[in-house]
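*Asks:* Mapping the sequence shown onto our numbering, position 12 (from 1) lands on 122, and the numbers just tick up by one.
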Amino acid sequence: MKQLAGLLALVACGAAQANDVQVAVAANFTAPMQKIAAAFEHDTGHKAVLAFGATGKFYAQIVNGAPFEVLLAADDETPAKLEAEHRTVPGTRFTYATGKLVLWSAQDGYVDGQGQVLKTGDFAHLAIANPKTAPYGAAAVETLHKLHVYERVQGRLVQGENIAQAYQFVDSKNAELGFVALSQVINRKDGSRWLVPQEDYAPITQDAVLLTPGKDSAAAKDFLAYLRGDEAVTIIKSFGYEAGAK
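1. Whole angstroms is fine: what's the gap from Leu267's alpha carbon to Gly155's?
2. In terms of residue numbering, what span does the alpha helix (DSSP H) encompassing Lys229 cover?
3. State the Cα-Cα distance for the pair Ala158 and Phe279, rounded to the nearest angstrom.
4. I'd like the span of the beta strand (DSSP E) that includes Phe162, first residue to last.
5. Helix, strand or coil for Gln269 per DSSP?
6. If we count the other Cβ atoms within 10 Å of its Cβ and call it buried at 16 or more, is Gly350 buried or exposed?
7. Would DSSP call Ala119 helix, strand or coil?
8. Do you know how far the Cα of Gln224 is from the Cα of Thr322?
9. Looking at the structure shown, is Gly209 part of a helix, part of a strand, or coil, going by DSSP?
10. Ignore the nearest five residues each way along the sequence and tell me which others in Arg338's own chain have a CB closer than 8 Å to its CB.
11. Val343 lies in the alpha helix (DSSP H); which residues open and close that run?
12. Just checking, does the segment 207–218 make contact with the segment 240–255 on the three C-beta pairs under 8 Å criterion?
13. Are the Cβ atoms of Phe289 and Leu334 separated by less than 9 Å?
14. Could you check whether Lys283 and Ala216 sit closer than 9 Å to each other, using their CB atoms as the reference points?
15. List the residues that DSSP assigns as beta-bridge partners of Gly288.
16. In the DSSP assignment, find the unbroken beta strand (DSSP E) run with Ile146 in it and report its ends.
17. Grab me the residues of Thr140's own chain with a C-beta within less than 7 Å of its C-beta, minus the 5 sequence neighbours each way, in chain order.
18. Just reading off the beta strand (DSSP E) that Leu320 is part of, what are its end residues?
19. How long is the line joining the alpha carbons of Glu286 and Pro200, rounded to whole angstroms?
In structure tokens form, the structure reads like this:
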């Protein structure tokens with residue numbers, strides 16, 4: 111009986127220490143984050159409560175008091191800005207992934223291996239994320255300028271609120287093609303794509319940071335540590351990202 115009581119006490123102690131952590135996650139990182147969150151809960155008992163969206167919108171929500179404890183941004187500028195505004199815990203910002211941009215179509219053979227379809231103009235709609243709030247959208251616009259086709263295709267652009275919505279436009283074939291994150295299509299066998307050369311857009315360096323509401327949260331700190339661990343890094347790389355330095 112004493113052993114049973116001791117075991118129950120340990121279980122109760124573990125349950126008491128397991129907590130939720132509120133995490134704002136850039137939309138491009140949805141699929142890997144879902145896998146990482148499941149592994150995190152399995153390994154630690156903590157639960158990551160996830161919200162997905164555009165980094166710029168998360169910034170506005172955080173400034174207006176949203177109780178997020180951790181931000182996984184699609185850029186490095188937003189976490190740095192929040193840090194400068196004293197809305198983060200000093201010394202907690204780090205790069206968790208570097209993203210890659212892809213021109214993708216749900217139709218086989220539609221996008222050629224060099225992205226020449228952007229110059230031939232054989233499409234009615236080109237989906238991108240909102241470049242004002244979504245770093246992948248900004249990278250798409252930068253690419254179009256680099257290829258000297260922005261003015262030519264500007265009237266055919268359809269903007270998603272974030273990269274997830276841009277992907278949905280293409281996946282549903284409401285747009286023939288669009289710029290999406292490699293992570294969104296890396297495991298798809300259908301469709302056609304062109305991996306945009308890195309020199310065509312600024313690196314999509316994605317930083318994570320502990321926000322002020324999470325300063326006393328063991329679960330939030332454990333989550334950020336887990337994000338840098340081997341299990342998470344393996345998942346991140348499996349979705350086509352370059353993992354950040356550990």
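For each residue, glycine too, the CB sits at the ideal point set by N, CA and C.
*Replies:* According to the data block:
1. Looking at the two C-alpha atoms, the distance is approximately 44 Å.
2. Note, Lys229: alpha helix (DSSP H), Val227 to Thr230.
3. Taking the straight line joining both Cα atoms gives about 28 Å.
4. For Phe162, the uninterrupted beta strand (DSSP E) run begins and ends at Lys157 to Gly163, by DSSP.
5. Residue state for Gln269 is assigned as strand, using DSSP reduced to three classes.
6. The residue in question, Gly350, is buried, as its Cβ has 16 or more Cβ neighbours within 10 Å.
7. Per-residue confidence for Ala119 stands at a pLDDT of 39, beneath the threshold of 50, marking its modelled position as unreliable; the derived number appears in the next sentence. Looking at Ala119 - three-state DSSP - the assignment turns out to be helix.
8. In this structure, the CA atom of Thr322 is about 45 Å from the CA atom of Gln224.
9. In this structure, Gly209 counts as strand in the three-state DSSP scheme.
10. Within the same chain, Cβ atoms closer than 8 Å to the Cβ of Arg338 are found at Phe204, Tyr206, Gly354 and Lys356, the five residues on either side in sequence being excluded.
11. It spans Asp340 to Ser348 - the alpha helix (DSSP H) in which Val343 sits, taken as one unbroken run.
12. Taking a cut-off of 8 Å on C-beta distances, the segment 207–218 touches the segment 240–255, as three or more cross pairs fall below it.
13. Annotated as distal: Phe289 and Leu334, with beta-carbon spacing of 9 Å or more.
14. In contact: Ala216 and Lys283 (Cβ atoms closer than 9 Å).
15. Looking at the DSSP assignment, Gly288 forms a beta bridge with Trp214 and Ala237.
16. First-last for Ile146: Thr140 to Thr154, but that is the alpha helix (DSSP H), not the beta strand (DSSP E).
17. Phe162 and Ala274.
18. Segment Ile314 to Leu320, the beta strand (DSSP E) holding Leu320.
19. Spanning the two alpha carbons is a distance of roughly 44 Å.
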